[in-house]
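Written out below as structure tokens is the structure these notes cover.
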Amino acid sequence: MEDRVDTPVLYSVRMHASTGGRHLCGAERLVGAERLAAVASAMLGRAIDRGGHRLEDLRIHVAAIDPARLRRTGLLPVRTVPAENPPAAWQEAIRLVAGIGVAEAAVRGAVEAIRGGAGPNGANMRGAMIIDAVTGARLEPDPNRGVRVTQMDLEEGIRAAVQEYLVQCSAPHPRVMEALILASKAAAVEGVVAELCVSDDRDYTTGYVGSRDLGYVRILNLKAPGDPRGGRAIFVNGIVSPATVIEALEETPYLVCRMDHV
Ligand code: WAQ
Ligand code: MG
Numbered sequence: 332m333e334d335r336v337d338t339p340v341l342y343s344v345r346m347h348a349s350t351g352g353r354h355l356c357g358a359e360r361l362v363g364a365e366r367l368a369a370v371a372s373a374m375l376g377r378a379i380d381r382g383g384h385r386l387e388d389l390r391i392h393v394a395a396i397d398p399a400r401l402r403r404t405g406l407l408p409v410r411t412v413p414a415e416n417p418p419a420a421w422q423e424a425i426r427l428v429a430g431i432g433v434a435e436a437a438v439r440g441a442v443e444a445i446r447g448g449a450g451p452n453g454a455n456m457r458g459a460m461i462i463d464a465v466t467g468a469r470l471e472p473d474p475n476r477g478v479r480v481t482q483m484d485l486e487e488g489i490r491a492a493v494q495e496y497l498v499q500c501s502a503p504h505p506r507v508m509e510a511l512i513l514a515s516k517a518a519a520v521e522g523v524v525a526e527l528c529v530s531d532d533r534d535y536t537t538g539y540v541g542s543r544d545l546g547y548v549r550i551l552n553l554k555a556p557g558d559p560r561g562g563r564a565i566f567v568n569g570i571v572s573p574a575t576v577i578e579a580l581e582e583t584p585y586l587v588c589r590m591d592h593v
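Numbering (our numbering), first residue to last: 332 to 593.
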């Protein structure tokens with residue numbers, strides 16, 4: 332599924348825009364030198380569009396990636412499961428995740444946390460909960476922030492094919508592509524069993540579960556329109572230490588470079 336390769340140097344490009352210390356928008360890519368200027372400029376444009384006159388601070392950080400650390404993996408295959416309402420959708424999510432070796436109590440704990448606001452004060456977290464697949468214990472070092480999955484992108488050569496694939500899947504929204512790239516990396520990290528995600532956007536009601544075995548399974552109506560609660564749970568097995576898994580999720584660059592299923 333995953334191997335080391337020699338590729339021309341890639342750069343991690345990260346943008347973060349804020350106002351009064353509050354996050355406005357962010358983006359990140361892994362690109363070759365020849366595309367750096369275009370990608371940074373597109374990020375700047377996007378932040379200006381989103382932030383308008385509220386935009387106070389914008390940073391773009393560019394860092395070369397050590398080719399020896401780069402991992403390559405495949406895109407998870409996508410399918411969509413309909414559900415009539417949130418209770419039915421959650422039941423389906425729990426059934427799927429419990430079906431691949433996560434203790435049902437651990438999944439239910441994650442679901443309750445996401446529905447109630449996973450941070451200590453009932454707010455949404457910036458990152459993901461890390462949950463022991465057997466005991467259900469929360470393992471993320473900072474329960475306010477959670478663990479941010481970063482350092483991943485599509486290899487430029489398959490971007491158009493992935494876009495076309497998502498149109499065929501009736502899911503052309505750019506946020507699906509972003510989530511699918513994140514989920515493809517998370518699923519490839521050793522020690523990760525499954526991921527569960529609900530958007531924190533009030534009117535985006537589709538969520539997903541992801542894993543190497545399940546693929547990327549979109550679940551409709553995971554929450555009612557208008558509900559601002561969202562979150563992510565990443566279930567880990569005890570074989571790899573949590574610190575190692577977290578380090579890989581946050582720091583190891585992954586390039587999604589294949590669509591094995593198409
Ligand atoms: N790493 C870990 N957790 C994150 C990250 C990240 N990079 N970004 C967001 N989160 C957590 C955080 O708790 C958010 O509140 C929550 O996930 C949801 O983030 O196929 O839009 O960016 O139609 O709102 C799924 C698409 C969209 C489903 C998910 O998530 C589909 C989405 P959001
Ligand atoms: Mg959001």
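Where a beta carbon is used, it is the ideal one built from N, C-alpha and C, also for glycine.
Count the other CB atoms within 10 Å of the CB of Asp388; is the residue buried (16 or more) or exposed (fewer)?
If you draw a 10 Å sphere on the C-beta of Asp388, you find fewer than 16 other C-beta atoms in it, and that means exposed.
Along the chain, where does the alpha helix (DSSP H) containing Met374 start, and where does it finish?
It spans Leu367 to Gly382 - the alpha helix (DSSP H) in which Met374 sits, taken as one unbroken run.
Would you list the residues whose beta-carbon is nearer than 5 Å to any heavy atom of the ligand WAQ, in the order they occur in the chain?
Chain-ordered list of matching residues: Asn455, Met456, Gly458, Ala459, Arg479, Val480, Arg506, Val507, Ala510, Ser530, Asp531, Thr537, Tyr539, Arg549, Gly561, Gly562 and Arg563.
Host alpha helix (DSSP H) of Gly607 (start-end):
There is no way to answer for residue 607, as the model of the chain reaches only from 332 to 593.
Within the same chain, show all residues whose beta-carbon is closer than 7 Å to that of Ile512, passing over the 5 residues directly before and after it, in chain order.
Once the five neighbours on either side are set aside, the close Cβ partners of Ile512 are Met483, Asp484, Leu485 and Val587.
Of the choices Tyr547, His504, Arg560 and Ala555, whose alpha-carbon is the least far from that of Val409?
Residue Tyr547 is the option with its Cα nearest to Val409.
Report, in whole angstroms, the separation of the C-beta atoms of Thr575 and Gly522, which I expect to be a contact under 8 Å.
Contact annotation, Thr575 with Gly522: C-beta distance approximately 7 Å; criterion of less than 8 Å satisfied.
Using the rule of at least 16 other Cβ atoms within 10 Å of the residue's Cβ for burial, across every protein chain shown, is Met332 buried or exposed?
Confidence at Met332 is low in this model, with a pLDDT of 49, below 50, so the placement of that residue should be treated as unreliable; the coordinate-derived value is given next. Here Met332 is exposed, its C-beta having fewer than 16 other C-beta atoms within 10 Å.
Tell me which residue opens and which closes the alpha helix (DSSP H) that Arg506 is part of.
For Arg506, the enclosing alpha helix (DSSP H) starts and ends at Pro505 to Ala519.
Does DSSP put Val340 in a helix, a strand or coil?
Coil.
In the DSSP assignment, find the beta strand (DSSP E) that holds Thr411 and state where it starts and stops.
DSSP places Thr411 in the uninterrupted beta strand (DSSP E) bounded by Val409 to Val412.
Just confirm the distance between the C-beta atoms of Ala514 and Tyr539, as a whole number of angstroms; I'd bet it's less than 8 Å.
That pair is a contact at about 7 Å.
If you compare alpha carbons, which of Leu355, Glu359, Asn455 and Ala399 is closest to Met346?
If we check each option's Cα against that of Met346, Glu359 comes out closest.
Output the distance between the C-alpha atoms of His392 and Ser343, rounded to the nearest integer angstrom.
Annotation: His392 to Ser343 spans about 8 Å, alpha carbon to alpha carbon.
Kindly list the residues whose CB is nearer than 7 Å to the CB of Gly458, restricted to its own chain and excluding five residues on each side of it in sequence; keep chain order.
So the qualifying residues of the chain are Arg476, Gly477, Val478 and Arg479.
Please determine, among Arg353, Arg377 and Ile445, the residue with the shortest C-alpha to C-alpha distance to Ile425.
Closest in C-alpha terms to Ile425, from the list Arg353, Arg377 and Ile445, comes Ile445.
Given this structure, state the Cα-to-Cα distance separating Leu551 from Gly352, to the nearest angstrom.
Leu551 and Gly352 have their C-alpha atoms roughly 34 Å apart.
With 16 as the cutoff for other CB atoms within 10 Å, does Arg563 come out buried or exposed?
Arg563 is buried by the Cβ-count criterion.
For Thr536, does the three-state DSSP call read helix, strand or coil?
Here Thr536 sits in coil by DSSP.
If you reduce the DSSP assignment to three classes, tell me which class Met332 lands in.
Residue placement at Met332 is flagged as unreliable, the pLDDT there being 49, under the threshold of 50; a coordinate-derived value is accordingly withheld.
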